[in-house]
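For the record, the sequence lines run as chains A and B.
In terms of the numbering used here, the first sequence opens at residue 11 and continues consecutively.
In terms of the numbering used here, the second sequence opens at residue 3 and continues consecutively.
Right, one structure below, let's go through it.
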Amino acid sequence: MAKIKIHNLFSIPDQAFLTIRVEEKKVEFLPPILYALREEGISIPFIVQSIDRNGNFILSLATSQKDLDWVRAAFQEGLDLPQSKAIEVKKRAVLITLYGPHFGEIPGIASRIFSALAGEGVEIIALSASLNSALLVVLLESLTHSLRALNRIFEIPKK
Amino acid sequence: MEKGLQKPSMKKIKIAGIRQVSDLSLIEVLSLPLCTYRPAKILSPLAENGINLEFIVGHGKNDETMDLIFGVKQNQIAAALGLLQGWKEKFGTEEIRSRDGVGMISLFPHGIRAAVIGNFFSAFQDAGIKLFLVTFSLSAISGLLDERFIPDALNALSEYFELPG
Numbered sequence: 011m012a013k014i015k016i017h018n019l020f021s022i023p024d025q026a027f028l029t030i031r032v033e034e035k036k037v038e039f040l041p042p043i044l045y046a047l048r049e050e051g052i053s054i055p056f057i058v059q060s061i062d063r064n065g066n067f068i069l070s071l072a073t074s075q076k077d078l079d080w081v082r083a084a085f086q087e088g089l090d091l092p093q094s095k096a097i098e099v100k101k102r103a104v105l106i107t108l109y110g111p112h113f114g115e116i117p118g119i120a121s122r123i124f125s126a127l128a129g130e131g132v133e134i135i136a137l138s139a140s141l142n143s144a145l146l147v148v149l150l151e152s153l154t155h156s157l158r159a160l161n162r163i164f165e166i167p168k169k
Numbered sequence: 003m004e005k006g007l008q009k010p011s012m013k014k015i016k017i018a019g020i021r022q023v024s025d026l027s028l029i030e031v032l033s034l035p036l037c038t039y040r041p042a043k044i045l046s047p048l049a050e051n052g053i054n055l056e057f058i059v060g061h062g063k064n065d066e067t068m069d070l071i072f073g074v075k076q077n078q079i080a081a082a083l084g085l086l087q088g089w090k091e092k093f094g095t096e097e098i099r100s101r102d103g104v105g106m107i108s109l110f111p112h113g114i115r116a117a118v119i120g121n122f123f124s125a126f127q128d129a130g131i132k133l134f135l136v137t138f139s140l141s142a143i144s145g146l147l148d149e150r151f152i153p154d155a156l157n158a159l160s161e162y163f164e165l166p167g
């Protein structure tokens, strides 16, 4: 199968990945928390949100590992969450970004990404792909395998 | 956290553009058992049958499962669900839900900062519009909503963002 040409692939290491489960009524407190992060100069290079099978919101985001304590405290306090369970954290995460053709125009990109990474035994922590990019979160120990897998399916311009 | 969890004084954020799409269907494969090959096996039949995903999000992972949410054009939902149902009857334990009449609004800011995300959520909250899904890409943040509310959402977003021109 021919490789898919993309414009670029890069990774951002030293990320912490947080998954927050919250009742719908508390979602109104999200913007003030995000404004507080802005005030602190904290960047969020990845964020997705969906609704789980019980109607609660799941918010997943990545932030620099050095900002983890601040970010976790902001969400814990801002959403009035119990100390345990409500926020799951994965440290030593890496955000991989694929910048390429419009995602909706080539069939099977997601399937090929999942398949290639599975072939290398990589577990994807999170994924968001739309328009012309795909963002993947994996653990640092999987980075080499992830890049090897992605290089098998994507043609990445040499720098 | 002393700096306060409140909205700062309102200043519109300049953005590069905004895009809207309607006639989408949302498919949610919830509590997908964790097995590295599982997502690929679910998605492969869709690709083989020419069903393109408009977007996909996988997250909500715990030690046993994760949720996989993706969008297809509304005229492909029946075929997509048929293929997924075939999979589920053979192997699946996950819950598959779908929703028609979904729209997608994508905002293209000049760099995605926390304030952009905050304004994005604020606009939808002000308009009382529920976001089914928020996806993230290198250049845009996108919200999936009931397509009937796209005009209201655009109005609300215009209170927080300034379009060029």
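We treat Cβ as the ideally placed atom computed from N, Cα and C, and that holds for glycine.
Measure the C-alpha to C-alpha separation of residue i and residue j and round it to an integer number of angstroms.
i, j, result
"A:Glu33", "A:Asn66", "5 angstroms"
"B:Gln78", "B:Ile53", "7 angstroms"
"B:Ile1", "B:Pro153", "This structure does not reach residue 1 of chain B, given that chain B is present from 3 up to 167, and the question cannot be answered."
"B:Leu147", "A:Gly110", "26 angstroms"
"B:Ser139", "A:Leu145", "7 angstroms"
"B:Met3", "A:Asp77", "Because the pLDDT of B:Met3 is 41, which lies under 50, any placement of that residue in the model is unreliable, and the number read from its coordinates should be weighed accordingly. Rounded to the nearest angstrom, the two C-alpha atoms are 13 angstroms apart."
"B:Pro35", "B:Pro166", "45 angstroms"
"B:Glu161", "B:Asp25", "26 angstroms"
"B:Ser33", "B:Thr67", "5 angstroms"
"B:Lys43", "A:Phe124", "9 angstroms"
Grab me the residues of residue i's own chain with a C-beta within less than 7 angstroms of its C-beta, minus the 5 sequence neighbours each way, in chain order.
i, result
"B:Phe163", "Lys14, Ile15, Ile17, Leu109 and Asn121"
"A:Ala159", "Ala126, Leu127, Gly129, Glu130 and Val132"
"A:Arg102", "Leu149 and Leu150"
"B:Asp102", "Ser27, Gln76 and Ile79"
"B:Ser141", "Phe110"
Assign residue i to one of two classes, buried (16 or more other C-beta atoms within 10 Å of its C-beta) or exposed (fewer than that).
i, result
"A:Val99", "exposed"
"B:Asn51", "exposed"
"A:Ala12", "exposed"
"B:Leu88", "A quick correction: the sequence has Gly, not Leu, at residue 88 of chain B. Burial call: exposed."
"A:Thr154", "exposed"
"B:Glu91", "exposed"
"B:Arg40", "buried"
"A:Pro41", "buried"
Mapping the DSSP letters down to three states, classify residue i as helix, strand or coil.
i, result
"A:Gly65", "coil"
"A:Val132", "coil"
"B:Asp25", "strand"
"B:Glu164", "strand"
"B:Ala129", "coil"
"B:Met3", "Here B:Met3 scores only 41 on pLDDT, less than 50, and its place in the model should not be relied on; the value that follows carries that caveat. It is coil, neither helix nor strand."
"A:Arg158", "helix"
"B:Ala82", "helix"
"B:Pro41", "helix"
Once the 5 residues before and after residue i are set aside, which same chain residues still bring their CB inside 6 angstroms of it?
i, result
"B:Phe57", "Gly73 and Thr137"
"A:Arg122", "Ile163"
Leaving aside the five residues before and after residue i along the sequence, list all residues of the same chain whose C-beta is less than 8 angstroms from its C-beta, in chain order.
i, result
"A:Gln59", "Phe67, Ile68, Leu69 and Ser70"
"B:Leu83", "Ile29, Ile98 and Ser100"
"B:Asp128", "Ala158 and Glu161"
"B:Phe151", "Gly105, Ala129 and Ile131"
**OP:** Mind checking the stretch 34-59 of chain B against chain A and listing, in chain order, the residues whose C-beta falls within less than 8 angstroms of any C-beta there?
**Re:** Leu36, Thr38, Tyr39, Pro41, Ala42, Leu45, Ser46, Leu48, Ala49, Glu50, Gly52, Ile53, Asn54, Leu55, Glu56, Phe57, Ile58 and Val59
**OP:** Report the residues of the stretch 114-133 of chain B with a CB closer than 7 angstroms to any CB of chain A, ordered along the chain.
**Re:** Arg115, Ala116, Ala117, Ile119, Gly120, Phe123, Ser124, Gln127 and Leu133
**OP:** Identify each residue in the stretch 60-71 of chain A for which the Cβ-Cβ distance to at least one residue of chain B is less than 8 angstroms, and report them in chain order.
**Re:** Ser60, Ile61, Asp62, Arg63, Ile68 and Ser70
Original post:
What are the residues of the stretch 138-155 of chain B that lie near chain A, defined by any Cβ-Cβ distance shorter than 8 angstroms?
Top reply: Phe138, Ser139, Leu140, Ser141, Ala142, Ile143 and Ser144
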